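In the numbering used here, the protein residues as written are 485 to 1013.
Here it is as structure tokens:
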């Protein structure tokens, strides 16, 4: 019998992120994945700035940027017949994609293969037990936890594992989700696709162009072309009709012909590196938390890749699950904090799936107008401005009910992503994003003299995951923007969560509401003083 605090089933982006974040916080976890290793080829590309804000909080910004080079300066998105053919519409010109106004974090252009490798290595280095070529054979609830049987696919040896919590990261057709009887909603299967990774010794017309994405509305097929980290290597994905075509029909010769049609060069020399079939679908689980099991990534939601937010949502799920589990397992927070995972992330999943589905129609399949929704937010708002509501956030009344806010003009309201106010710490430039860590952060204005004593009193009640940083002492506010950016007075305070979201704010210097705000944020009663 092996004991661990969290059993993670699935070693994709969501499962690996969960393992990294748990291990970083010192929580024992065991990850099992039936495949032999991480992704061998790019598949998805890039890590966006919202996810990178979370990655930088655990020291992964530099390796992720280095893995993909700085290619977003030239990022372009085009709808065309082929890479070299007639352009129907340019969605993004090179040089237009600049997110410095909304986040201090950079993008990473790394492919999924490189991102997964970094996450796996980091999880192992920080103490996670990561086992590939290992499958889950059996799982049953045992008291307040789970007992699992796992099997090493190489040796056939089975082992029993006991864990209080299980994270289901086992993909879009999650057997764990089905085991729990959790239903899904959505349009279901949208298309069947063949993905082809290839390279050309003659070079590609996109070499040196940076990150480029082409949605292909070709007379012969509907698909997409995206560059990879290697200048003469790229990926195409082509839809096919399973009623008249079979996966076996897509041999190397046929795939090479599709590549040439997608590029628009009839005599292009092509070497096929990988051929894989995949299903494009929209599905959202009706629940993300079932007792002590939590669904993340594709097990929780599947969406078209049109917009690049599928992998980002998966990694953000893993981060959210991990910091909440860590606080509960340490006794710093009550079990109710885990329930807030569903309350906060399920609306984000539904909103993101709707946006990506609309993108699919507009960019690839204008004939499928029946799939269109009325998404109330634009791409940047969904990616960076989604709002969170749960029992752990002190939502201010009246609540306008909006799902997003403009990240260019953040409000500082509870439930929103914090502003990136320029500050200085120890004489060096920084932003609030450089200050978040494992626990909560209480940022106090320069005139907030009553807050340190209030925090000290609360700290006597036991293990309190809270740091206080005061403007004028611990931090400098060179532009005098902090109070206005967060919507408080110079003696006010703001409670920031480990994910950079505002949990509560006090507009003035009265600390009397700090205790109930912390109790709400931690879903527990604070004893003592």
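Quick reminder that beta carbons are idealized off the backbone N, C-alpha and C, glycines included. Owing to the predicted nature of the structure, the values given are computational and were not obtained by experimental measurement.
query = Beta carbon of residue 568, beta carbon of residue 722: below 9 Å?
reply = In this structure, residue 722 does not lie closer than 9 Å to residue 568 by Cβ.
message = Just to confirm the assignment: which complete beta strand (DSSP E) runs, minimum length 3, are found wholly within the stretch 576–656?
response = Inside the stretch 576–656, DSSP marks whole beta strand (DSSP E) runs of 3 or more residues at positions 592–595, 613–616, 618–626, 629–636, 642–647 and 649–652, from first to last along the chain.
inquiry  = If I measure Cβ to Cβ from residue 995 and keep anything under 7 Å in the same chain, skipping five residues before and after, which residues do I get?
reply    = Same-chain partners within the cutoff: 934, 935 and 938.
task = May I ask you to report which of helix, strand or coil DSSP gives residue 803?
result = It is helical.
key: Contact set for residue 829: own chain, Cβ-Cβ below 7 Å, skip 5 residues either direction   = Cβ neighbours of residue 829 beyond the five flanking positions: 772, 801 and 804.
request  = Using the DSSP secondary-structure output, state which residues sit across from residue 870 in a beta bridge.
outcome  = Residue 870 pairs with 888.
Straight-line Cα distance separating residue 858 from residue 572 = Going by the C-alpha atoms only, they are around 24 Å apart.
inquiry  = Need the endpoints of the beta strand (DSSP E) that residue 909 sits in, please.
reply    = Residue 909 -> beta strand (DSSP E) spans 907–909.
Given 8 Å, three or more beta-carbon pairs between the stretch 500–512 and the stretch 606–619 = Taking 8 Å as the limit for Cβ pairs, the verdict is that the stretch 606–619 does touch the stretch 500–512.
DSSP three-state assignment for residue 816, whether helix, strand or coil = It is coil, neither helix nor strand.
key: Rounded Cβ spacing between residue 758 and residue 681 (contact assumed at less than 8 Å)   = So it is a contact: roughly 4 Å between Cβ atoms.
request  = For residue 546, count neighbouring C-beta atoms within 10 Å of its own C-beta (all shown protein chains included) and say buried if the count is 16 or more, exposed if not.
outcome  = Exposed, since its Cβ has fewer than 16 Cβ neighbours within 10 Å.
message = Beta-carbon within less than 6 Å of residue 1005's beta-carbon, same chain only, minus the 5 sequence neighbours each way: which residues are those?
response = Cβ neighbours of residue 1005 beyond the five flanking positions: 876 and 987.
key: Sequence-distant residues of its chain with Cβ nearer than 6 Å to residue 868 (five each side left out)   = Closer than 6 Å at the Cβ level, and outside the excluded window around residue 868, lie 534, 586 and 891.
query = In or out: residue 577 buried (at least 16 other Cβ within 10 Å) or exposed?
reply = In the assembly as shown, residue 577 is an exposed residue. Its beta-carbon has fewer than 16 other beta-carbons within 10 Å.
The stretch 895–907 in contact with the stretch 977–991 per 3-pair CB rule at 8 Å = Cβ pair count under 8 Å is three or more, so yes.
request  = Would you list the one or two residues that DSSP bridges to residue 769?
outcome  = Partner(s): 668.
ask   = Would DSSP call residue 990 helix, strand or coil?
value = Secondary structure at residue 990: strand, using DSSP grouped into helix, strand and coil.
key: Sequence-distant residues of the same chain with beta carbon closer than 7 Å to residue 923, five excluded per side   = Closer than 7 Å at the Cβ level, and outside the excluded window around residue 923, lie 949, 950, 951 and 982.
query = Where does residue 658 fall in DSSP's three states?
reply = In this structure, residue 658 counts as coil in the three-state DSSP scheme.
inquiry  = What I want to know is whether the C-beta of residue 826 ends up closer than 8 Å to one or more non-hydrogen atoms of the ligand COA.
reply    = Summarising the ligand content, the structure contains no ligands, and the ligand COA is consequently not present.
query = Ordered along the chain, which non-local residues of its own chain (more than five positions away) have a Cβ less than 7 Å from that of residue 920?
reply = 541, 980, 982 and 984, listed in sequence order.
ask   = Considering only C-alpha positions, which residue in the set 728, 593 and 779 is nearest to residue 536?
value = In terms of CA proximity to residue 536, 593 leads the group 728, 593 and 779.
message = Using a 10 Å radius around the Cβ and a threshold of 16 neighbouring Cβ atoms, would you call residue 624 buried or exposed?
response = Residue 624 should be labelled exposed.
request  = Report all residues from its chain with a CB closer than 8 Å to the CB of residue 486; omit the five preceding and five following residues, and keep chain order.
outcome  = Here the set comprises 514, 643, 644, 645 and 646.
task = Grab the span of the alpha helix (DSSP H) containing residue 912 for me, first residue to last.
result = Per DSSP, residue 912 belongs to no alpha helix (DSSP H); it is in the beta strand (DSSP E), 912–914.
query = Is the distance from the Cβ of residue 672 to the Cβ of residue 584 below 9 Å?
reply = No; because the gap between Cβ atoms is not below 9 Å, this pair is not in contact.
request  = Evaluate the contact criterion for the stretch 648–655 versus the stretch 780–793: three or more CB pairs, one atom per stretch, below 8 Å.
outcome  = Between the stretch 648–655 and the stretch 780–793, the count of C-beta pairs closer than 8 Å reaches three or more; the two stretches touch.
task = Write down every uninterrupted run of the alpha helix (DSSP H) in the stretch 490–515 whose length is 4 residues or greater and which is fully enclosed by it, in chain order.
result = If we require 4 residues or more, the alpha helix (DSSP H) runs fully inside the stretch 490–515 come out as 497–508.
ask   = For the putative contact between residue 523 and residue 789, defined by C-beta atoms under 8 Å, what is the C-beta separation to the nearest angstrom?
value = That pair is no contact at about 14 Å.
query = What does residue 564 pair with, by DSSP beta-bridge criteria?
reply = The partner list for residue 564 (beta bridge, DSSP) reads 571 and 700.
Sequence-distant residues of its chain with Cβ nearer than 8 Å to residue 619 (five each side left out) = These residues qualify, in order along the chain: 516, 518, 634, 635 and 637.
message = Tell me which residue opens and which closes the alpha helix (DSSP H) that residue 539 is part of.
response = Residue range 533–540 is occupied by the alpha helix (DSSP H) that includes residue 539.
query = So which of 966, 910, 947 and 940 has the shortest CA-CA distance to residue 927?
reply = Answer by Cα proximity: 966.
ask   = Buried or exposed: residue 639, going by 16 or more other Cβ atoms within 10 Å of its Cβ?
value = By the 10 Å Cβ count, residue 639 comes out exposed.
request  = Would you tell me roughly how many angstroms separate the C-alpha atoms of residue 990 and residue 880, rounded to the nearest one?
outcome  = Roughly 11 Å separates the two Cα atoms.
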